[in-house]
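Protein sequences appear in the order of chains A and B. Going by the numbering used here, the first residue of the first sequence is number 1, and it counts up by one from there. Going by the numbering used here, the first residue of the second sequence is number 1, and it counts up by one from there. Each residue gets a CB set at the ideal place from its N, CA and C atoms; glycine is no exception.
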Amino acid sequence: MIKHLKIIDYAITSLFRRKYKSMAIITAFTVVVAALASILLFSGSLKREAAYVLGSAPDLIIQRIVGGRHDLIPLDYAEKILKIPGIGEVNPRYWGYYYDPLTEANYTVQGTDGNAETLQLLEGRLPAGNTECAVGAGVAEIKKTGTGGELILVNSRNTGVLYEVVGVFSADSSLLTNDLIILPNETVIDFFGYPPGKATDVAVQVYNKHELQTVATKVKKLLPDSRPITKTELVRTYEMVFNWRSGMMLSVFSAALIAFCILAWDKATGISADEKQEIGILKAIGWDTSEVLALKFWEGLILSLTSFLLGTIAGFIHVFIFHSFFLAPVIKGWSVVFPDFHLTPYLDPYLVFTLGSLTIIPYVASTVIPAWKTAITDPDTIMRG
Amino acid sequence: MTGKAYIRTENLRKVYNSGKPDEMTALQNVSVEIDRGLMTVLKGPSGSGKTSLLSTIGCMSRPTEGRVLVDGKDVVKLPERFLTDIRRKKFGFIFQQFHLIRNLSVLDNILLPLYPTDIKPVEMKKRALAILNKLAIAGKEKLLVKNLSGGEQQRVAIARALINDPHVIIADEPTAHLDKKLAAEFMQILAGLCHEGRTVVIATHDPFIYGHSLVGKTIALRDGQLEKEL
C-alpha cells in the first residue's frame, strides 16, 4: 500500500515536473470531452424531455387526412371510434399554431375542458371564462406577462383579442409547456374559426397497451380517411430526430475527435527520448517493469480523469447554465421558431460512464502501452538509446 | 577461482544487433572475477567493451553467451523480476552522464530507488539526509539537480547509488566530466565505501583512476577481449 501511494506521489510529481506539457494535454483533452459531453448531455436531455412529454400523451391520436394533409376531424368520428372494443376514452382536442410576428415566435394554442392533469401550474389556475388564458413560462417571458397580466392575440378574423393571464405553467419539462397558451375549448374554436362539429384531432385511451396497433388498424379500417398515430410511433419519431441531430453534431466534432485520436496514436506509437531515458534510469536503479507501468498508469489516469471531470463539468455548465449557446442553433433546429426553452439539468450516470469509458480508457492505454514496450527492454539498451 | 570473488563471469560473449547488418560483438570470451570489498577497475580505450561488461555484471543486460555469477548464483537465466530485485538490493549505479532526472529535486532523485518499496517516507528521508551529510552536500536537498555543479551532481548520483545500502557500487566513467580535484574527491569517497566493506567496480579510461593507489585490481580490455588482469 505504502509502495503504491509513493508511486502515485511520484506520478503527481512527474506531471508537475512537465507542467507545460501536462497543461497542454489537459486543455486539449478537456475541450474534446466538453464538446462530447455537451452533445451527449444536450441530446440526452432533449430525449428525456421528449419522453416526459410522450409519457403524458394519449395512447392513440386520430387525425383526419384530406389530400394527404391533416384536416379537422368530424366529432361523429369520435362516437364511431368509441364503439370499437377495448377503447376506454375518446376526447376531441382543439388546438393550433399561432405565429406572433412581433416576437417572431410560434406558440401552441390548446383548448382545455378545465382538466389538464399532466400540466403543473407554477402559479394561478386554468382558464374558465372565454377571456382567460394560462401560458407557458416561455410565452410569459417573451410576452413579458404573468399571472394577473394580459395577453393580446390576433384571431382568425384579424381582430385583436385581450386575454387575462390567470396561470403560468411549470412542468417538469419546459419542452412540454414552454410555448403553450391554454384557452377554454370554446374559445379555441372561436379563435381559430373552426367550423362547428369539428375538432383538430381525437385523443384515444386504450385499455390494453399491447393492443394499440390492433386498435389503430381497426380505426383505420373503420375510418379510411383517418390517420391513427400510436404513442410508440411518436416516441420513435422523436428519438430519430434527436439521434440524427446528435449524430450530426458528433460528425461536426469528429474533426476534434480525430485530432485527439492522432494525439493518442502518437503517444501510443512512441514516447519521447526523455521519457525513454527516464524509464531506463528507473529500471536501472531497481524499478520493476510492473512498477514502471503502474507509474505510467497513474500518470495517464490522473491526466485523463482530471480532463474528463473538467470537460464534463464544462459541458454541464455549457448546456444547463449557458443554455448551449454553441450547440443550440444546430442541434435544436426548430427552436428558432419556438420561444427559447431551457433544459432541466440532469446528469445521466450511464452517459457519464460512457463518456468516461470513451475518453479515460483510450488515453490510459495510449500512455501505458508505449511505456510497456520500453519497460520490457533491458535498461542498458534503453539508456544507450 | 578464489573464494573472495563476489561476481564472476565465465566465457562471456555479448553481441549487439545480432543477425542484423550492424551486428557488433562487444565482448568475446571474457572471464573475470570481481573481489568482495575491493576496488576493481575495468580499463581500456573507447569501444573495448568496458561498459558492456559493467552492464552485464550489473544485471542491466543479458550476455549473448556465458555465465554471470553474483554471490555464487548464476543470474543470466533469471526472470526479469529477479534481476530487478538484484539491482535493487545488491547494486548501486553511478553512470557516466550521472543519469539524474534534471528537473527533479536532489532529495527526490536520491529517493528514486526507494519509491517502489514499502519503506515509509519518513524513514526514506532520514536515510537520504544521512547520506547527503556524509557526502557533504547537506542543505541542497530541495534544489533542482539541473541547478547543481558537475561535482555536486555526481555526489547526488553517488547518494542515489548508496540509498539502498548496496553491496556493490558500479561506476561507469565516473570522472569523465570532472576536473582533477573533483576526481580526487570522488576517489576518496569510493575509498571510504571500500573501507565500509563494499565492492566497487569502475569502468574508466582515465589514467588518474586506474593508476590510483586505492585501486586493488585492474582488468584491461581491448576489442572486447580480456587483455590482462592485474
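- Around the Cβ of A/G160, a 10 Å sphere holds fewer than 16 other Cβ atoms; the residue is exposed.
- Contact annotation: the stretch 185-194 of chain A does not touch the stretch 44-54 of chain A, with fewer than three C-beta pairs closer than 8 angstroms.
- Residues of the stretch 71-92 of chain B with a Cβ closer than 7 angstroms to any Cβ of chain A, in chain order: E80, R81, T84, R87, R88.
- Setting aside the 5 residues that flank it on each side, B/S48 is surrounded in the same chain by L221, R222, each with a C-beta closer than 6 angstroms to its C-beta; the list follows chain order.
- In its chain, beyond the 5 residues on either side, F169, T177, N178, D179, L180 have a beta carbon closer than 7 angstroms to the beta carbon of A/G136.
- The beta carbon of A/L282 falls within 8 angstroms of a beta carbon belonging to chain B, placing the residue at that interface.
- One thing to note: B/I7 has its Cβ within 8 angstroms of the Cβ of B/L69.
- The beta carbon of B/S55 falls within 8 angstroms of a beta carbon belonging to chain A, placing the residue at that interface.
- Taking the beta carbon of B/R160 as reference, the chain A residues within 9 angstroms of it are I285, listed in sequence order.
- The beta carbon of B/D108 falls within 8 angstroms of a beta carbon belonging to chain A, placing the residue at that interface.
- Under the rule that a run must span 3 or more residues, the beta strand (DSSP E) segments found entirely inside the stretch 31-88 of chain A read 60-66, 69-71.
- Listed by position along chain B, the residues whose Cβ is nearer than 8 angstroms to that of A/T381 are S61.
- Distances from the alpha-carbon of B/G92 to those of B/C59, B/G150, B/D206 put B/C59 closest.
- Secondary structure in the stretch 92-116 of chain B: the alpha helix (DSSP H) runs of 4 residues or longer, each lying completely within the stretch, are 106-111 in chain order.
- With its beta carbon at least 8 angstroms from every one in chain B, A/R236 lies outside the interface.
- Between A/Y20 and chain B, the shortest Cβ-Cβ separation is not below 8 angstroms.
- By the neighbour-count criterion, in which 16 or more other beta carbons inside 10 Å mark a residue as buried, A/F322 falls on the exposed side.
- For the pair of segments examined, the stretch 346-364 of chain A was found not to touch the stretch 69-82 of chain A: the number of CB pairs separated by less than 8 angstroms stays below three.
- Every alpha helix (DSSP H) stretch that sits fully inside the stretch 120-202 of chain A and reaches 4 residues is listed by chain position as 137-142, 174-177, 185-192.
- Rounded to the nearest whole angstrom, the C-alpha separation of A/I152 and A/Y98 is 12 angstroms.
- A/N106 is bridged by DSSP to A/Y99.
- With respect to B/I110, B/V156 sits close: the two C-beta atoms are nearer than 8 angstroms.
- Between B/T25 and B/G66 the beta-carbon gap is near 12 angstroms, outside 8 angstroms, which marks them as no contact.
- Exclusion of the five residues before and after A/L40 leaves L351 as the residues of its chain whose Cβ lies within less than 6 angstroms of its Cβ.
- Sequence-distant Cβ neighbours of A/E211 in its own chain, meaning closer than 8 angstroms and more than five residues away, are G86.
- With fewer than 16 other CB atoms across the displayed protein chains lying within 10 angstroms of its CB, A/Y20 is exposed.
- In this structure, DSSP gives B/A136 a state outside helix and strand, which the three-state scheme calls coil.
- Cβ proximity to chain A below 7 angstroms picks out nothing from the stretch 37-49 of chain B.
- Under the three-state reduction of DSSP, A/P228 is assigned to strand.
- If you look at A/E211, you'll find it isn't in any beta strand (DSSP E); DSSP assigns it neither H nor E.
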